[in-house]
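Novice: Handing you this structure, nothing more for now.
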Amino acid sequence: MPIVYTQEFKQRALRLMEDHLQDTQCSQWSAAQSVGTKLGVSPHTMRGWLKQARRDAGTEPGATTVELEELKRLRRENRELRRANEILKTASAFFAAELDRPSPK
Numbered sequence: 559m560p561i562v563y564t565q566e567f568k569q570r571a572l573r574l575m576e577d578h579l580q581d582t583q584c585s586q587w588s589a590a591q592s593v594g595t596k597l598g599v600s601p602h603t604m605r606g607w608l609k610q611a612r613r614d615a616g617t618e619p620g621a622t623t624v625e626l627e628e629l630k631r632l633r634r635e636n637r638e639l640r641r642a643n644e645i646l647k648t649a650s651a652f653f654a655a656e657l658d659r660p661s662p663k
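For what it's worth, the numbering used here labels the leading residue of the sequence shown as 559, then goes sequentially.
Shown next as structure tokens:
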């Protein structure tokens, strides 16, 4: 099960990473490794947080967190609507077949 970090923890980690980047002029990966090791967070996770924070700030291209959440919500809604549509198609076919049967006299 994945570890869930608080938003406060992520922000603190990102501040530490940004400070490390400015102080040492190292690569993002080096900063992610250094800060991640101190905090017990994977460098991949640290780098992902940094990239997403920069997307949210508009300094890096890509979808913001708000856009990703909206996309997730719309995909879920689309799945539910498709499922409901299939149920309605099945019910419609069933009732159409009932109407096509000759009535007993």
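Each residue gets a CB set at the ideal place from its N, CA and C atoms; glycine is no exception.
Since V562 and L574 should fall inside the 8 Å C-beta cutoff, what is the C-beta to C-beta distance between them, to a whole number of angstroms?
Specialist: Start at 1 with the first residue of the sequence shown, and residue 562 comes out as number 4. Start at 1 with the first residue of the sequence shown, and residue 574 comes out as number 16. With 8 Å as the limit, V562 and L574 do not qualify as a contact, their Cβ atoms being about 19 Å apart.
Novice: Would you report the Cα separation of R634 and A615, rounded to the nearest angstrom?
Specialist: Taking the sequence shown and counting its residues from 1, the one referred to as residue 634 is at position 76. Taking the sequence shown and counting its residues from 1, the one referred to as residue 615 is at position 57. Distance between the alpha carbons of R634 and A615: 26 Å.
Novice: Is E618 helix, strand or coil by DSSP?
Specialist: Walking along the sequence shown from the start, residue 618 turns up at place 60. DSSP places E618 in coil when its eight states are reduced to three.
Novice: On a CA-only basis, which of K609, K568 and T623 is nearest G598? Give me that one, please.
Specialist: As a working mapping, residue 598 is identified with position 40 in the sequence shown. Among K609, K568 and T623, the Cα nearest to that of G598 is on K568.
Novice: Taking the alpha carbon of L579 as the point to measure from, which residue in E566, L608, V624 and P560 has its own alpha carbon closest?
Specialist: Mapped onto the sequence shown, residue 579 falls at position 21. Nearest to L579 by alpha-carbon distance, out of E566, L608, V624 and P560, is L608.
Novice: Compute the Euclidean distance between the alpha carbons of A621 and R613, then round it to the nearest angstrom.
Specialist: For the purposes of this step, residue 621 is taken as residue 63 along the sequence shown, with counting starting at 1. For the purposes of this step, residue 613 is taken as residue 55 along the sequence shown, with counting starting at 1. The straight-line gap from Cα to Cα measures roughly 7 Å.
Novice: P601 and A590 look like a contact to me (Cβ under 8 Å); what is the Cβ gap, rounded to whole Å?
Specialist: On the sequence shown, residue 601 is found 43 positions in, with the first residue counted as 1. On the sequence shown, residue 590 is found 32 positions in, with the first residue counted as 1. That pair is a contact at about 4 Å.
Novice: Based on Cα-Cα distance, which residue from L657, R631, E638 and T623 lies nearest to Q565?
Specialist: Taking the sequence shown and counting its residues from 1, the one referred to as residue 565 is at position 7. The residue with the shortest Cα to Cα distance from Q565 is T623.
Novice: Which residue's Cα is closest to the Cα of L572: M604, S585 and Q583?
Specialist: In the sequence shown, counting from the first residue as 1, residue 572 sits at position 14. For L572, the nearest C-alpha among the options comes from M604.
Novice: Give the secondary structure of Q583 by DSSP, where H, G and I count as helix, E and B as strand, and everything else as coil.
Specialist: For the purposes of this step, residue 583 is taken as the residue at position 25 of the sequence shown. Reduced to three states, the DSSP call for Q583 is coil.
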